[in-house]
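Structure, as C-alpha cells:
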Amino acid sequence: MRKIVHVDADAFFASVELRDNPALRGQAVAVAYHGPRSVVTTATYEARQYGVRNALPLRTALARCPHLIVVEPRMDAYREASEIIQGVFREFTDLVEPLSLDEAYLDLTEPKQGPPSATRIAQEIRHLVPARTGGLTVSAGVSVNKMLPKLGSGMNKPDGLTVILPEKADALIAKLPVEDFFGIGPVTAARLQRMGVQTGADLRQLSLAELTTTFGVQGAHMYAIARGQDDRPVDPSDDRKSVGTEDT
Ligand SMILES: [Mg+2]
C-alpha cells in the first residue's frame with residue numbers, strides 16, 4: 027500500500043504578507059493586484075468570514091467587506107518561501123509533485139529518513155515549515171493515493187492534519203459532492219446533476235457500463251474514483267505547466 031501526503035500551506039500569499047507586516051495580523055486582508063478586473067488571489071481567514079474568497083473579483087470582495095485591506099502580491103517573497111517549504115519536503119522524499127507554489131503531493135512509501143510512518147513525517151513537516159519560514163503553517167492529509175489526502179488536507183484547515191484510513195474513505199466519498207471530485211469539471215458535474223447524481227453515493231449507484239455509455243473513457247474514471255480508486259503516481263518531473271496557477 028502506498029503512503030501519500032498532500033501538503034497545502036494555509037492562506038499562503040496572505041500568510042507571507044502577515045508574517046512580513048505584523049500590523050496586518052487579525053485583519054481582513056486580501057492579496058490582489060489593483061485594477062478594474064482584478065481578482066483575489068488569497069484572503070485571510072478574517073476576510074473569508076465576509077465571503078471574500080480566492081478568485082473573487084476584487085470589486086465584489088470590497089462590496090462584501092468594505093474595510094478589506096488590499097495588498098499587492100509579492101511573487102518573489104512567495105517563491106522564496108515556497109523553495110524553503112519544498113526543501114523541507116525533499117529532506118524526506120524526492121517524490122515531490124508540486125501543484126502550485128504552496129501545494130504538493132509527497133510519496134512517503136519509502137522515505138529517505140525520518141520515522142517509518144507517513145503520519146509522523148507529516149507532523150514533522152508541519153513543525154519544520156513554520157520553524158524555517160518564520161511561522162507559515164501548512165495543513166496535511168495522509169492516505170493511500172492522491173485523491174484522499176487532497177480531501178484530507180482541506181478538512182482541518184488551518185494548521186491541521188487529517189489521516190484518511192482506507193476503511194474510512196467510503197463514507198467520506200459517499201458524501202462528497204460530484205463537483206468536488208478531481209477529474210469532474212463543471213460541465214460534467216452539471217450533466218451528472220441533471221441525471222440526479224449529486225454525491226459520491228449517487229455516483230456509485232451507476233454501473234460501469236452505464237457510466238462508459240454516457241461518458242466514454244471519463245465514465246471509467248468516474249467509476250473508479252467513486253470507489254476511492256486512484257492509481258496516479260506522484261510525478262516529480264518539474265516540466266509541468268500547472269505550477270504557478272496562483273499567479274493569476
Ligand atoms: Mg494553500
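Quick note on the numbering used here: the sequence shown kicks off at 27 and runs consecutively.
Think of the CB as a built atom: it goes at the ideal place given N, C-alpha and C, for glycine as much as any other residue.
Separation of the CB atoms of D34 and D128 is rounded to 7 Å, and the pair is thereby assigned contact status at 8 Å. Screening all residues for a C-beta within a distance smaller than 5 Å of any heavy atom in ligand 1 leaves D34, A35, F38, D128, in chain order. Inside the stretch 89 to 148, DSSP marks whole alpha helix (DSSP H) runs of 4 or more residues at positions 101 to 116, from first to last along the chain. V155 carries a helical assignment under DSSP once its states are collapsed to helix, strand and coil.
In the DSSP assignment, H247 falls within the alpha helix (DSSP H) that extends over 243 to 251. Within the same chain, no Cβ atom closer than 6 Å to the Cβ of T214 is found once the five residues on either side in sequence are excluded. Its Cα nearest to that of E109, the residue V122 stands out among A58, L229, V122. Sequence-distant Cβ neighbours of T135 in its own chain, meaning closer than 6 Å and more than five residues away, are R28, K29. Residue burial annotation: P124 is buried, with at least 16 other C-beta atoms found within 10 angstroms of its C-beta. DSSP places S64 outside any alpha helix (DSSP H), giving it a letter other than H or E.
By the neighbour-count criterion, in which a residue is buried when 16 or more other Cβ atoms sit within 10 angstroms of its Cβ, A157 is exposed. The beta carbons of N171 and D256 sit about 4 Å from each other, so the pair counts as a contact at 8 Å. DSSP places S41 in the helix class (H, G or I) of the three-state scheme.
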